[in-house]
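Trainee: My questions will all concern the structure given below.
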Amino acid sequence: MKTTICSLLIIGSLLQLMVPVNTQDNLVYLLERLRDLLNQQERTLALFLFPSYSGYRPSTVPKAPSCTSVKAMGRLASCPTGMIATGCSCGFACGSWNIQNENICHCLCPITDWTAARCCLLS
1 MKTTICSLLI IGSLLQLMVP VNTQDNLVYL LERLRDLLNQ QERTLALFLF
51 PSYSGYRPST VPKAPSCTSV KAMGRLASCP TGMIATGCSC GFACGSWNIQ
101 NENICHCLCP ITDWTAARCC LLS
């Protein structure tokens, strides 16, 4: 896609050199056309990657979710009420964990001195 953008900009610049009449209007037209082409490529890419894509859908997730970390001793760490666990971390270099009931981090290693949960409010 970067190659396409660069090519369009080069072609646009060359056209500007070839037609010196109404330079400002030509530049505005070329920029608008470039914007339209990029929007069309974005929609085409979205349809290719996601065949059920039907256009813009506003996200139900806030732009900046409110998140916090909770650390607990042992193998379990629970998120505050209303928050969900989005990730976990375990002591003693344990990299094996799961999330239970969407809000509890559970470290699966037999020896774990602490567990941390990354908790986010998504609604």
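Each residue of the sequence shown is one higher than the last, beginning at 1 in full-length UniProt numbering. Don't be surprised by glycine CBs; every beta carbon is placed ideally from N, CA and C.
1) Could you tell me the distance, in whole angstroms, from the CA atom of N39 to the CA atom of L122?
2) Between the Cα of A93 and those of T86, S69, D113, spot the shortest distance and give me the residue it belongs to.
3) Using C-beta distances below 7 Å, list every residue in its chain close to R75, excluding the 5 sequence neighbours before and after it, in chain order.
4) By Cβ distance below 7 Å, which residues in the same chain neighbour W97 in space, the five residues on each side in sequence not counted?
5) Would M73 be called buried (16 or more neighbouring beta carbons within 10 Å of its own) or exposed?
Mentor: In brief:
1) By one-based count along the sequence shown, residue 39 stands at place 39. By one-based count along the sequence shown, residue 122 stands at place 122. Here the alpha carbon of N39 sits roughly 29 Å from the alpha carbon of L122.
2) Here the question's residue 93 lines up with position 93 in the sequence shown. Ranked by Cα distance from A93, the first of T86, S69, D113 is D113.
3) As a first step, residue 75 must be located in the sequence shown, where it is residue number 75. The beta carbon of R75 lies closer than 7 Å to those of H106, C107, T112, T115 in the same chain, with the five residues before and after it left out.
4) Numbered from 1 along the sequence shown, position 97 holds the residue referred to as residue 97. Cβ neighbours of W97 beyond the five flanking positions: C88, C90, C105, H106, C107, L108.
5) In the sequence shown, counting from the first residue as 1, residue 73 sits at position 73. Exposed is the call here.
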